[in-house]
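Numbering (the numbering used here), first residue to last: 253 to 918. Below is one structure, written out as C-alpha cells; comments come after it.
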Amino acid sequence: MEQISAMNKKKFWLWILFFLVLILGSPLLEGGETYHTIIVLRLWVIGFAIYYFLVKLRGDHLEIAVPYGSALLLGLWLVLSVSLLTTHYYYITVYWYSNLLVYFLLFLLFLNLSAESGRTGKLLFGLVLILTLAGAIEGVLGILDYFSHHPGRASGSFFNPAYYSGYLLSLVSFPLAGLLFDLLPELSQKKKLILRLGLGFCTALILGGLLVSASRAMIFALVPIGWVLMFRFRRYALLALLVLVLGLIFIPNPLRTRIQNLKADPYAWDRITIWKGSLRMIRHHPFGVGLGMYQYYYDRYEYPVRTMKIGRYTKHATWAHNEFLNLAVECSCLALALALIWLGAVLYQLLRIALKRREEFLKKNPAMILGFSGSLFGILGHSLVDSNLHQAPIMLVLVLDMAGLIYLLSELQPVLVKKLSYPISHSGFIRWFVLVAGALVGLLMSYQALIYGLTFESKRIENPELRIKYLYRVARVPSGYAGLYFQIGSDLQRLFQQTQNPNFGVQSLPYFEFAARLNPENFDYFYQWSQAIYHLGIFLEQPKFLSRAEQIARLSLERNPHYPYSYLLLADIARREGDLSKQEKWLKDVLEIEPYYFLARLILIDILSEQGRVEDARRELDILKRQKQEVDKIPKAGMNQVQLSLIQIGELEIEEREARLGTNRN
Numbered sequence: 253m254e255q256i257s258a259m260n261k262k263k264f265w266l267w268i269l270f271f272l273v274l275i276l277g278s279p280l281l282e283g284g285e286t287y288h289t290i291i292v293l294r295l296w297v298i299g300f301a302i303y304y305f306l307v308k309l310r311g312d313h314l315e316i317a318v319p320y321g322s323a324l325l326l327g328l329w330l331v332l333s334v335s336l337l338t339t340h341y342y343y344i345t346v347y348w349y350s351n352l353l354v355y356f357l358l359f360l361l362f363l364n365l366s367a368e369s370g371r372t373g374k375l376l377f378g379l380v381l382i383l384t385l386a387g388a389i390e391g392v393l394g395i396l397d398y399f400s401h402h403p404g405r406a407s408g409s410f411f412n413p414a415y416y417s418g419y420l421l422s423l424v425s426f427p428l429a430g431l432l433f434d435l436l437p438e439l440s441q442k443k444k445l446i447l448r449l450g451l452g453f454c455t456a457l458i459l460g461g462l463l464v465s466a467s468r469a470m471i472f473a474l475v476p477i478g479w480v481l482m483f484r485f486r487r488y489a490l491l492a493l494l495v496l497v498l499g500l501i502f503i504p505n506p507l508r509t510r511i512q513n514l515k516a517d518p519y520a521w522d523r524i525t526i527w528k529g530s531l532r533m534i535r536h537h538p539f540g541v542g543l544g545m546y547q548y549y550y551d552r553y554e555y556p557v558r559t560m561k562i563g564r565y566t567k568h569a570t571w572a573h574n575e576f577l578n579l580a581v582e583c584s585c586l587a588l589a590l591a592l593i594w595l596g597a598v599l600y601q602l603l604r605i606a607l608k609r610r611e612e613f614l615k616k617n618p619a620m621i622l623g624f625s626g627s628l629f630g631i632l633g634h635s636l637v638d639s640n641l642h643q644a645p646i647m648l649v650l651v652l653d654m655a656g657l658i659y660l661l662s663e664l665q666p667v668l669v670k671k672l673s674y675p676i677s678h679s680g681f682i683r684w685f686v687l688v689a690g691a692l693v694g695l696l697m698s699y700q701a702l703i704y705g706l707t708f709e710s711k712r713i714e715n716p717e718l719r720i721k722y723l724y725r726v727a728r729v730p731s732g733y734a735g736l737y738f739q740i741g742s743d744l745q746r747l748f749q750q751t752q753n754p755n756f757g758v759q760s761l762p763y764f765e766f767a768a769r770l771n772p773e774n775f776d777y778f779y780q781w782s783q784a785i786y787h788l789g790i791f792l793e794q795p796k797f798l799s800r801a802e803q804i805a806r807l808s809l810e811r812n813p814h815y816p817y818s819y820l821l822l823a824d825i826a827r828r829e830g831d832l833s834k835q836e837k838w839l840k841d842v843l844e845i846e847p848y849y850f851l852a853r854l855i856l857i858d859i860l861s862e863q864g865r866v867e868d869a870r871r872e873l874d875i876l877k878r879q880k881q882e883v884d885k886i887p888k889a890g891m892n893q894v895q896l897s898l899i900q901i902g903e904l905e906i907e908e909r910e911a912r913l914g915t916n917r918n
C-alpha cells in the first residue's frame, strides 16, 4: 500500500507559512473580532485542508489520525447539529456552526500533520516559535499603546483589554517552558543559549503586556506560569508565585490601580447576575436555545444589576461570560456533559503521565508538553469567567493546544491517537469532488460572513438615500441575515422622519416585518417595527395603525419584559386611544422595573392630576423630586446612554407640576 505524506521538506515550509499567517494574522486583522478575520480564517483553513487531502488522496489508501474519545466528539457534533433544526434564527446558528466546523477541521489537520513521519518535531518547534512571536508582538503593541496614549488599560490590537489579556495568558507558557527546559534538545549549546535569551525576552514582553492590560483576567496567567514552574522548581514554584502576587499587590501597577477602583464600578461583579440569568434560561430551555441565540434570549430572563438604581436592566449580555454555561444554554446540558467528559478524559491522561510517570515525562520533550498544556489550562481557567472562546485568536490557540497536546502525549500513551486506514478507488474522481465541494463550502461560508460585513460597512455612507440604494443591491441575493433588512427599514424610517414623506414610512414596514420574521427572538426588531407603525399612524391619522402598533409592541415586551421604552410606547398608544386606566397601568408597570424613569413618572403625575387625584399626584411628585435630588449628586460621566435618557428631565417641568398641584419646592 502506498501512503503519500503531506509533510516533506518543501511542504514543511508551506505548512509553517500556513500557521504563521493563521496565528499572527488572526489578532492583527481588525483585532480578531470582525468579519475580515472570519472570512480569512475560513478560506485559509478550508483551502489548506483541501490541499492536504488532495495530496493524501494520491496514494492507494488514505490514513487518518483520530483523537482519543472520537465517539464522544462525534456525539457532541451531532448534538450541536440539532441546533440547525431547532433554532429560530438560521443565520446566526449557521454562522457559529460554520466557525466550529472550521475549528474542528483545523484540529484534525494539525493532529494529522503532527502524526506524520519526517519533520514532525520541527513542525511543533516551528509552531511554538510562531505562538511565542505572536505573544511578543501583542506585548509590544500593548506596551506601546499604554505609554503613548496612557489609556489606563491597554489592549494591543484587540478592542477589549480582557480578551487581550486572555490572549497573552494563553501564550505565556510557550516561551516560559522553552526558557526553563530544552525546547529542541539536538541544538548546540550556543544555539540553545541564544534561543533561551530570545525566549526570556519574549516572556518579559508578554508579562509586560499582561500588566498594562490592567485586566482581572491576568490573574489566570498564574495558572500556566505555576504549571510550568511546578515541574522545574517543584515546591519552590509556590514561593515564586507568592512573590508575583505580592508584587502585584504592593508595587504600583495598572492592575493594582484597577482593583482599587472596583468599588466605583457598578458593573464590576455583574457576571454573577449574568450567570443567574443563564441558569434561568437553562431551566426554561433544557434542550438549548440554539447556537448563537444566547444574546436574543437573555433579556427575557435577566436579573437586575444589584448595584444599580438607575437603569437596572441596561446591562445586555451577548454571551454568558462562562463558556461552559454558554454551551449548556445554547446547546443543552447534554452537549456540556459530552464536552466535559472528553476534555476530562484527555486531561486525566495528561495528569496521570505528568505526575505518576514524572521521570519519563521530563525526558520526552517536556517544554512542548508543558507549553501546550499550560496554555490550555490558562484558556480554560479564563473561560470560567469570560467569553474568551468566542474570540477567533484565542479559540485558534485552544484548538492547536488540544491537537498538539494529544499528539505529544500519544508518544507516551499511544491510545490517545488512533490511525484509521481506508482504501482508495477512483482517486481522480474523489480528488475532484474534494476540490469542488471544499471550494463551494468555503465560498458559501465566506459569503455568509461577507453579507454581515457589507451591511456593517454601509454605516460609512453618510447620505441615507445612497446608503439605502447600496443596501438594496446587497439584498438582491438572499442571505437570511435579518440585520440587513432591519438596517434598510431603519434608514427608510429615518428618511420619513427627515422628509415627512409617508411613502418612506410605508416602504420601511415590510423590511421591519421581514427582519422580525427572520429573527423572531430579537425584541428590538419588534420594538422598532411597532415604533414605525405608530409614527406612520399618527402622521396619517389612521387609528387602525395604533392597534397594530400595540400588537407588535406587546410582542416586543414578551421578548424583553424589562425594556422601559416598550412600556412608554404602549402607554402613549393607550393615551391616544383615550384609555387613561390602561395608560396608568403601563406607566406603573415600567416604574416598578425602572423606578428612576423620570419621564414615565412625570406623565403619571399628569394623568393623576387630570383625573382629579391630586393627593396621588402630589405623592408621585414628591418621589420625583427626591429622586431628582439624589440623581443630581451622582456623577454623570460613568452613566451609559440609556441611564442618561431615563433621568433626562428639566427643572422647569418639575416647577410647572408644582405650580399646578399647589406644592412648594423643599
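Ideal Cβ placement from N, Cα and C applies to all residues, glycine included. For clarity, every value in this text was computed on a predicted model and none was experimentally measured.
Backbone CA spacing between Leu622 and Asp638 [nearest angstrom]: 24 angstroms
With a threshold of 8 angstroms on Cβ separation, who are the neighbours of Cys585 within its own chain once the five nearest residues in sequence on each side are excluded? Correct list, in chain order: Ile534 and Pro538.
What did DSSP end up calling Tyr733 once you bin it into helix, strand or coil? coil
Alpha-carbon spacing of Ile740 relative to Gly404, whole angstroms: 39 angstroms
Confirm, please, whether the CB-CB distance from Phe791 to Gln780 is below 9 angstroms. For Gln780 and Phe791, no; Cβs fall outside 9 angstroms.
State the CB to CB distance for the pair Trp267 and Leu365, rounded to an integer number of angstroms; the pair is presumed to be in contact (CB under 8 angstroms). 6 angstroms
Looking only at DSSP bridge pairs, what is Pro319 linked to? When beta bridges are read from the DSSP output, Pro319 appears opposite Val669.
Quick check on the burial criterion: 16 or more other C-beta atoms within 10 angstroms. Buried or exposed for Leu904? exposed
Excluding the five sequence neighbours on either side, which residues of its own chain have a C-beta within less than 8 angstroms of the C-beta of Thr525, listed in chain order? Glu554, Tyr555, Pro556, Val557, Arg558 and Lys567
Rounding to the nearest angstrom, what Cα-Cα distance links Glu663 and Ala597 in this structure? 17 angstroms
Rounded to whole angstroms, what's the CA-CA distance from Arg909 to Arg532? Just pull it up for me. 42 angstroms
Short check: CB of Trp527 to CB of Ala580, under 9 angstroms? No, these two residues do not count as a Cβ contact at 9 angstroms.
Assign Thr509 to buried or exposed, taking buried as 16 or more other Cβ atoms, counted over all protein chains shown, within 10 Å of its Cβ. Counting other Cβ atoms within 10 Å of its Cβ, Thr509 stays below 16 and is therefore classed as exposed.
Buried or exposed: where does Tyr815 fall if 16 or more other Cβ atoms within 10 Å of its Cβ makes it buried? By the 10 Å Cβ count, Tyr815 comes out buried.
Smallest Cα separation from Leu449: which of Glu714, Thr384 and Ser731? Thr384
Identify whether Tyr553 lies in helix, strand or coil by the three-state DSSP scheme. helix
For Tyr737, tell me which candidate among Leu723, Gln863 and Gln749 has the shortest Cα-Cα distance. Leu723
Report the rounded CA-to-CA distance for Leu363 versus Tyr355, giving the unit in angstroms. 12 angstroms
For Gly370 and Leu352, what's the separation of their Cα atoms in angstroms? Below a pLDDT of 50, predicted positions are generally treated as unreliable, and Gly370, at 47, falls in that range; no measurement from the model is reported.
Please classify His930: does DSSP put it in a helix, a strand, or coil? No statement about residue 930 is possible, as the shown extent of the chain runs from 253 to 918 and does not include it.
Return the bridge partner residues of His787 from the DSSP annotation. Answer is none; His787 lacks a bridge partner.
Using alpha carbons as the reference points, say which of Gly902, Glu907, Glu862 and Tyr699 lies closest to Arg294. Tyr699
Just to confirm, is the Cβ distance from Tyr548 to Phe850 under 9 angstroms? Contact: no.
How big is the Cα-Cα spacing for Leu592 and Lys374? 32 angstroms
Within 8 angstroms, do at least three Cβ pairs link the region 320–340 to the region 680–700? no
What are the start and end residues of the alpha helix (DSSP H) that includes Leu588? Its alpha helix (DSSP H) spans residues Cys585 to Leu603.
Close Cβ partners of Ser731 (< 8 angstroms) along its chain, the five nearest in sequence each way excluded: Tyr343, Tyr699, Gln700 and Ile703
Using beta-carbon positions only, say whether Asp434 and Ala619 come within less than 9 angstroms of one another. Less than 9 angstroms divides the Cβ of Asp434 from the Cβ of Ala619.
Nearest-angstrom Cα separation, counted from Leu896 out to Ala869: 24 angstroms
Taking just the CA atoms, how far does Gly563 sit from Pro887? 15 angstroms
On the CB-based measure, 16 or more other CB atoms within 10 Å of its CB, does Ala323 come out buried or exposed? Ala323 comes out exposed.
Leu309 - DSSP class collapsed to helix/strand/coil: coil
Alpha carbons only, please: which of Leu281, Ile298, Met482 and Val307 is nearest the one belonging to Glu390? Leu281
Could you tell me the alpha carbon to alpha carbon distance between Leu898 and Ile845, rounded to whole angstroms? 12 angstroms
C-alpha gap between Ile605 and Phe613, whole angstroms: 7 angstroms
Are the CB atoms of Phe270 and Phe305 within a distance shorter than 9 angstroms? no
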